[in-house]
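All remarks here apply to the structure that follows.
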Amino acid sequence: MKIAFVTNLRAPYRTLQWNEFARIPNVQVTVYYTDRPGENRAWKMTAAEGYDEIDLPGTQLGKAGRMNAGLHHIVSTHDLIVIGGYEKPAYIALSLLCRLYRKPYILLYDGISTSRLQNEHEGYKHKLKSLVIDHAAAVFGNGEVSRRYFAEVFGYPEARIYNQYLSVDGRTIQEIARHRGYHREKLRNNYGLKPEEQVLVYSGRLIAIKNMATVIEAVGTMTNPVTVFVIGGGEQEEELQHQARMAGVKLIITGFLSRQEDVFEHYMLGDAFILPSLIEPWGLVVNEALASGLPVIVSERCGCSLDLVKEGVNGYTVDPNDSGQIASVIEKVFTDLDRKEAAGEAWRLTEQWSFEGSRASFTELLDYVQKTYLTPSQTPRRAVWKKP
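Read in the working numbering, the sequence shown has 229 at position 225, and its numbers run on one by one without any break.
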């Protein structure tokens, strides 16, 4: 089966996922990128193994997005098209070409902020999305939030929604975690952190929507001191440093780390992790924190909160606008959680949300597509949504 994945850009986690998919027997994978190569973040990438990568030329159509050349060729030369969304001109054109040439396509979907589950039921954008979604052979969506979105908002059949189990390099993180003590001591010394300091880690960009200002506000009201440690950087660095100084909060910002292993090592100096985003389709940094064995505090608006947070076991969800609640939950993470139980649940989830798990789910999806669309004489087997 010749499969074309069409998505926007390269990313370390995605390369590892496709490396895994390329190992499926009797499958030939080609990945096409719609964005300009220079638009990627400056990640150091893992090499593609077993599949080809092609950057598509294209033209920017204002705010609507980029339209690419070569779409007709992709549809005509592949058995199955995997489209990385439904809103960009290139994705819409691909869905129409697939219908014209009677080629099955599936939607690849990484998640949606839980806050958007209730407010996307009408308007012309909803109708435009429906045109792409309704004719998809299946949806390869990430987690419970994707299931709810497609089934409840668009009325898409649950039987054809497969869990993507989008993941991170948990194996590498856990290997690093085997030497937690070494990395913890080395990095704490590097950043002037005492062994007994309670350190709350955040990983990602420092932009307004990530909501770290509310975390600093919350920590500033706490009786017991907590150090806020940011793995990353961004446009809010100076603003947040000033806020932290005024609030008496110790804030350390590493700046952008391009090497994934360096990011993973920095998790080891922390005692807990927080993702307080106002909007977050998923939140793969939570997968990383769990693989590191850290308890997590996650905004209830993050897509991953429905699958990866077990309340009172491996962490808590919070209202990202309630600094008082955030302060209370930070205190609970450091005082109430059973650290051993939290780490055990975190690693169990890491085993489930893995590239191997993603490959197994995708293999089931391919079996359904093969029997339903590519060998019409056979009776299609009903696809079953497997909730974690």
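Every residue, glycine too, gets a C-beta built ideally from N, C-alpha and C. For clarity, every value in this text was computed on a predicted model and none was experimentally measured.
Notebook entry, point to check: What residue ranges within the stretch 43–93 form continuous alpha helix (DSSP H) runs of no fewer than 4 residues, ordered along the chain?
Noted result: 75–81
Check: The alpha helix (DSSP H) spanning Thr339 covers which residue range?
Finding: Residue numbering aside, residue 339 sits at position 335 when the sequence shown is read from its first letter. Note, Thr339: alpha helix (DSSP H), Ser327 to Thr339.
Next item on the list: Verify the contact flag: Arg164, CB atom, against every heavy atom of the ligand SAM, threshold strictly below 7 Å.
Entry: Absence of the ligand SAM from the depicted structure is noted, as is the absence of any ligand whatsoever, leaving it without description.
Check: Under three-state DSSP, which class holds Ser303?
Finding: As a first step, residue 303 is located in the sequence shown; it is residue number 299 there, counting from the start. Note: Ser303 maps to strand in three-state DSSP.
Check: Can Ile220 and Val253 be called in contact, C-beta distance under 8 Å?
Finding: Working through the sequence shown from its first residue, we reach residue 220 at position 216. Working through the sequence shown from its first residue, we reach residue 253 at position 249. Yes, Cβ-Cβ distance for Ile220 and Val253 is below 8 Å.
Item checked: Cβ neighbours of Ile330 in the same chain (closer than 6 Å, five flanking residues each side left out) -> Within the sequence shown, numbered from 1, the residue matching residue 330 stands at position 326. Closer than 6 Å at the Cβ level, and outside the excluded window around Ile330, lie Ala222 and Val322.
Check: In angstroms, rounded to a whole number, what distance separates the CA positions of Glu148 and Lys314?
Finding: Locating residue 148 in the sequence shown gives position 144, counting from the first residue. Locating residue 314 in the sequence shown gives position 310, counting from the first residue. Glu148 and Lys314: Cα-Cα distance of roughly 14 Å.
Note to self: I need the straight-line Cα distance from Ala350 to Gln240, nearest angstrom please.
What the structure shows: In the sequence shown, residue 350 corresponds to position 346, counting from 1. In the sequence shown, residue 240 corresponds to position 236, counting from 1. C-alpha separation (whole angstroms): 30 Å.
Next item on the list: Work out the CA separation of Arg18 and Ala181 for me, nearest whole Å.
Entry: Position 177 of the sequence shown holds residue 181. Position 14 of the sequence shown holds residue 18. About 22 Å.
Note to self: So, with DSSP's three-state summary, where would you put Tyr37?
What the structure shows: Sequence index remark: in the sequence shown, residue 37 carries index 33 (1-based). Strand at Tyr37.
Notebook entry, point to check: Got a sec? Which residues, its chain only, sit under 8 Å from Gly54 by beta carbon, not counting five neighbours each side?
Noted result: For the purposes of this step, residue 54 is taken as residue 50 along the sequence shown, with counting starting at 1. Contacts found: Asn23, Ala26, Arg27 and Val33.
Item checked: C-alpha gap between Ala217 and Leu244, whole angstroms -> Translated into the one-based positions of the sequence shown, residue 217 becomes position 213. Translated into the one-based positions of the sequence shown, residue 244 becomes position 240. The alpha-carbon atoms of Ala217 and Leu244 are separated by roughly 6 Å.
Next item on the list: For chain D, find out if any of its Cβ atoms is closer than 8 Å to the Cβ of Ala163; answer yes or no.
Entry: Checking the listed chains, one finds no chain D in this structure; it contains a single protein chain.
Checklist line | Cβ shell of Ile213 (< 7 Å), same chain only, five flanking positions each side left out | finding: Here residue 213 refers to the residue found at position 209 of the sequence shown. Excluding positions up to five away in sequence, the list reads Ser281, Leu282 and Ile283.
Checklist line | Whole-Å CB distance - Leu132 paired with Pro93, under 8 Å assumed | finding: Counted from its first residue, the sequence shown places residue 132 at position 128. Counted from its first residue, the sequence shown places residue 93 at position 89. Incorrect: roughly 11 Å between the Cβ atoms, too far for contact.
Notebook entry, point to check: Given Asp275, which residues of its chain have a CB within under 6 Å of its CB, disregarding the five upstream and five downstream residues?
Noted result: Looking up residue 275 in the sequence shown gives position 271. Gln202 and Val203.
Next item on the list: Identify whether Glu243 lies in helix, strand or coil by the three-state DSSP scheme.
Entry: Here residue 243 is taken as the residue at index 239 of the sequence shown, counted from 1. Looking at Glu243 - three-state DSSP - the assignment turns out to be helix.
Checklist line | Per DSSP, cross-strand counterpart(s) of Glu315 | finding: One-based indexing of the sequence shown puts residue 315 at position 311. Answer is Gly319, bridged to Glu315.
Next item on the list: Locate the alpha helix (DSSP H) running through Ala350, then write down its first and last residues.
Entry: By one-based count along the sequence shown, residue 350 stands at place 346. Segment Arg343 to Gln356, the alpha helix (DSSP H) holding Ala350.
Next item on the list: Give every residue of the same chain whose Cβ lies closer than 6 Å to the Cβ of Phe338, excluding the five residues on either side of it in the sequence, and list them in chain order.
Entry: Start at 1 with the first residue of the sequence shown, and residue 338 comes out as number 334. Once the five neighbours on either side are set aside, the close Cβ partners of Phe338 are Gln202.
Check: Between the beta-carbon of Trp286 and the beta-carbon of Gly115, is there less than 8 Å?
Finding: Along the sequence shown, one-based indexing puts residue 286 at 282. Along the sequence shown, one-based indexing puts residue 115 at 111. Contact: yes.
Check: For Arg184 versus Met71, is the C-beta spacing smaller than 8 Å?
Finding: Position 180 of the sequence shown, counted from the first residue, corresponds to residue 184. Position 67 of the sequence shown, counted from the first residue, corresponds to residue 71. Cβ distance not < 8 Å, so Arg184 and Met71 don't count as in contact.
Item checked: Integer Cβ distance of Gly307 from Ser99, believed to fall under 8 Å -> Numbered from 1 along the sequence shown, position 303 holds the residue referred to as residue 307. Numbered from 1 along the sequence shown, position 95 holds the residue referred to as residue 99. About 23 Å separates the two Cβ atoms, so there is no contact after all.
Margin query: Just list the residues that DSSP pairs Tyr377 with in beta bridges.
Written below: Taking the first residue of the sequence shown as position 1, residue 377 is located at position 373. According to DSSP, which records beta bridges pairwise, Tyr377 is partnered with nothing at all.
Next item on the list: Can you give me the Cβ contacts of Ile235 inside the same chain, cut-off strictly under 8 Å, excluding the 5 residues immediately before and after it?
Entry: Sequence index remark: in the sequence shown, residue 235 carries index 231 (1-based). Excluding sequence neighbours, Ile235 sits near Val205, Tyr206, Ser207, Gly208, Thr258, Leu261, Val267, His270 and Tyr271.
Check: Beta carbon of Leu104, beta carbon of Gly88: below 8 Å?
Finding: In the sequence shown, the residue the question calls residue 104 occupies position 100. In the sequence shown, the residue the question calls residue 88 occupies position 84. No, these two residues do not count as a Cβ contact at 8 Å.
Check: Do Leu353 and Leu294 have their CB atoms nearer than 8 Å?
Finding: On the sequence shown, position 349 is the one that residue 353 refers to. On the sequence shown, position 290 is the one that residue 294 refers to. Against a cut-off of 8 Å, the Cβ pair of Leu294 and Leu353 comes out as a contact.
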